[in-house]
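**Student:**
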Amino acid sequence: MPFKSDLRWSEVTPKSLFFNRRQIMAGAAGALVSPILAGRAAAAGFSTDEAPNTLEEISTYNNYYEFGYSKEEPSTKAQALTIDPWSVEIGGMVDKPGTYDLSDVLAGMTIEERIYRFRCVEAWSMVIPWQGFELSGLLNKVGVQPSAKFVAFETLYRPEEMPGQQGGSFPYPYVEGVRLDEAMNPLTILATGLYDEELPKQNGAPLRLVVPWKYGFKSIKAIVKITLTDVMPPTTWNILAANEYGFYANVNPGVDHPRWSQASERPIGGGLFAGRKDTVLFNGYGEQVASLYAGQDLTVDY
Ligand code: MTE
Numbered sequence: 574m575p576f577k578s579d580l581r582w583s584e585v586t587p588k589s590l591f592f593n594r595r596q597i598m599a600g601a602a603g604a605l606v607s608p609i610l611a612g613r614a615a616a617a618g619f620s621t622d623e624a625p626n627t628l629e630e631i632s633t634y635n636n637y638y639e640f641g642y643s644k645e646e647p648s649t650k651a652q653a654l655t656i657d658p659w660s661v662e663i664g665g666m667v668d669k670p671g672t673y674d675l676s677d678v679l680a681g682m683t684i685e686e687r688i689y690r691f692r693c694v695e696a697w698s699m700v701i702p703w704q705g706f707e708l709s710g711l712l713n714k715v716g717v718q719p720s721a722k723f724v725a726f727e728t729l730y731r732p733e734e735m736p737g738q739q740g741g742s743f744p745y746p747y748v749e750g751v752r753l754d755e756a757m758n759p760l761t762i763l764a765t766g767l768y769d770e771e772l773p774k775q776n777g778a779p780l781r782l783v784v785p786w787k788y789g790f791k792s793i794k795a796i797v798k799i800t801l802t803d804v805m806p807p808t809t810w811n812i813l814a815a816n817e818y819g820f821y822a823n824v825n826p827g828v829d830h831p832r833w834s835q836a837s838e839r840p841i842g843g844g845l846f847a848g849r850k851d852t853v854l855f856n857g858y859g860e861q862v863a864s865l866y867a868g869q870d871l872t873v874d875y
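Take the position in the sequence shown, starting the count at 1, then add 573; the result is the number in the numbering used here.
1) Check whether the Cβ atoms of Q869 and N758 sit closer than 8 angstroms, and answer yes or no.
2) Using only the heavy atoms of the ligand MTE, determine whether one of them is closer than 7 angstroms to the beta carbon of T728.
3) Which class does I762 belong to by DSSP, given the choice of helix, strand or coil?
4) Going along the chain, which residues of its own chain have a beta-carbon closer than 8 angstroms to the beta-carbon of G710, five neighbours each way excluded?
5) Apart from the five residues just before and just after G705, which ones in its own chain have a Cβ nearer than 8 angstroms to its Cβ?
6) Is K794 near the ligand MTE, going by C-beta to nearest heavy atom under 7 angstroms?
7) With a threshold of 8 angstroms between beta-carbons, can V667 be considered close to chain D, or not?
8) When the Cα atoms are used, what is the spatial distance from Y745 to K791?
9) Closest to S660 by C-alpha separation, out of Q739, Y747 and S676, would be which residue?
10) Checking 8 angstroms against the spacing of the C-beta atoms, do W697 and E584 come in under that value?
11) Could you give the distance in angstroms between the alpha-carbon of T802 and the alpha-carbon of E771?
12) Using the rule of at least 16 other Cβ atoms within 10 Å of the residue's Cβ for burial, across every protein chain shown, is V678 buried or exposed?
13) Is G789 close to the ligand MTE? I mean its beta-carbon at under 7 angstroms from any heavy atom of the ligand.
14) Can you tell me whether N856 is buried or exposed, with buried defined as 16 or more other CB within 10 angstroms of its CB?
15) Compute every distance between the C-beta of Y637 and the non-hydrogen atoms of the ligand MTE, then say whether any falls below 7 angstroms.
16) Determine the closest residue to E734 out of I656, V824, Y866 and G618, with distance taken between C-alpha atoms.
17) Please look up how many angstroms separate the CB atoms of L760 and W786, rounded, as I've assumed it's under 8 angstroms.
18) Under a three-way DSSP split, which group does A863 fall into?
19) Which class does S698 belong to by DSSP, given the choice of helix, strand or coil?
Structure follows, in C-alpha cells:
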C-alpha cells in the first residue's frame, strides 16, 4: 500500500463523507431552510421533531471522566487530545480483522443526521442532532461471523493526553458493549459530528457510539477498539457498581436507580421555570426496540 500512513484521515476523507451536506445543494430556496429543519426531513423516521439543545449546551455539559469528573472540565481539557491520525482495531469474530485508519472505517458508510433524545442515568436529558452512520454498516463491511453474540468497545488509553487516566481508582480504558441484535438495530449509530460540524472532542471525537434507547453511559467515546465476541463483555460502570448499572441499561422509568428515581428527568436548557418531564420506557424508542427484549425481565436485565 503506497505511503498510506503519510495521510491523515481528515485529508483523505471528503467532508461530505462525514457531514451530511445534502441540504446545502438545495439551491436558493434551500438557503432559507435551516440546516436542522432540512436534516430532519432527510432523516425522517429516525429523528425526533423535538427541538434540539444548542451546540453550546451539548458541548459544555459533558460526562467524560478521562478529562475530569465535573461537567465543565471536558470542554476545555479535551481540546489537547490528538484525534488525527486515528485508527480503530476491529477484531474477534469477524472475517476481516485489522487495524483500520479512520478513513477506511468511514469509506462506504452513509453519513446522516439523526436527531435523538439522549437520557443520562443521572436523570438529565437533551436532544442532540448527531451526524453519524449505522453501526450495522461497519459490521457488515468487516463481516460478522455466525458465532458472534456481542460487540465490545474500548476508548483510547493515553494518560499523557487524558489527565483523568493518570492514577486514581477509575478502571481505564473505558469499556462498553451491546448485544449483536442491539448493535444491528438501525437506531444504533457511530457518531462523527453534530450540528453539521465535526464532533467536538468533549463529545467523543472522532468516533463515538450512540444508542438512544439506553442510558448515556453506554454511548462510549473516542473508540479505538471494536471486538466481536460470544461472551457478554465487561462494561465500565458495571465493573464499578454492578447493582447500580447493568449491562443492558435500557432507559426505564419503572426500574429506579438504587439511589434515585428514574421516573422523570430534567431537560437541560429548559429554562428557569421548565419542569421535569416523565421518562418514557426505552427513551421513547419502544416501537423500534421493544421486540429485542421479548421474554426478558427488565427488572433483572436492568
Ligand atoms: N465515554 C468515555 N470514554 N468516558 C466517559 O466518561 N461518559 C459516558 C458516555 N461515554 C463517558 C463516555 C456518560 S456517563 C455519558 S452520560 C455520556 O458519555 C455523555 O455524553 P456527552 O458528554 O456527549 O453528553
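Every residue gets a Cβ at the ideal spot worked out from N, C-alpha and C, and that includes glycine.
**Tutor:** On the basis of the supplied data:
1) no
2) yes
3) strand
4) G681, M682 and T683
5) I684, E685, R687, I762, L763, A764, T765, G766 and V783
6) yes
7) Absence of chain D from the displayed structure is noted, only one protein chain being present.
8) 15 angstroms
9) S676
10) no
11) 31 angstroms
12) buried
13) yes
14) buried
15) yes
16) I656
17) 7 angstroms
18) helix
19) strand
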